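K.L.:
Numbering (the numbering used here), first residue to last: 464 to 601.
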């Protein structure tokens, strides 16, 4: 069974990072920053999650493959990854809920827990924090 989630997804070091938050929070902008730093687009706006052999797999909606909305420019084509194992969820919030030394937070899909990172909207170090979080999960 596939779950359709409102979120943007990129792949870093072979691991999918799902970016979620309310409309206008900067999901696509964070994805663009990560792509500029070497990540690959998986999906923008709509991400499918399915369980395959005990691993959560992220994939794009068929009509949106390889497309990313860049605010102020429009819909732009990018190289993309057809599917990627989900390793991290990022929640963008309009409130700064960042703790100095946070306790681990997890979100569950299909009975599998995935680490979750909370970022404030427009966090200038957001892309670096995401990369560090993916690296810490090795």
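Where a beta carbon is used, it is the ideal one built from N, C-alpha and C, also for glycine.
Please read these numbers as outputs of a predicted model, since none were measured by experiment.
#1: Using the beta-carbon count (16 or more within 10 Å), is residue 526 buried or exposed?
#2: Among residues of its own chain, excluding the 5 on either side of residue 528, which ones have a beta-carbon nearer than 7 Å to its beta-carbon?
#3: In chain order, what residues of the same chain have a beta carbon less than 8 Å from the beta carbon of residue 576, not counting five sequence neighbours either side?
#4: Tell me which residue opens and which closes the alpha helix (DSSP H) that residue 496 is part of.
#5: In three-state DSSP terms, what is residue 554?
P.N.:
Taking the definition as stated:
#1: To locate residue 526, count along the chain shown from 1; it is residue 63. Burial state of residue 526 is exposed, judged by a 10 Å Cβ sphere holding fewer than 16 other Cβ atoms.
#2: Start at 1 with the first residue of the chain shown, and residue 528 comes out as number 65. Answer for residue 528: 543, listed in chain order.
#3: Here the question's residue 576 lines up with position 113 in the chain shown. Cβ neighbours of residue 576 beyond the five flanking positions: 569, 570.
#4: Residue 496 sits at position 33 when you count from the first residue of the chain shown. Element bounds for residue 496: 490 to 499.
#5: As a working note, residue 554 is residue 91 in the chain shown. Strand, per DSSP.
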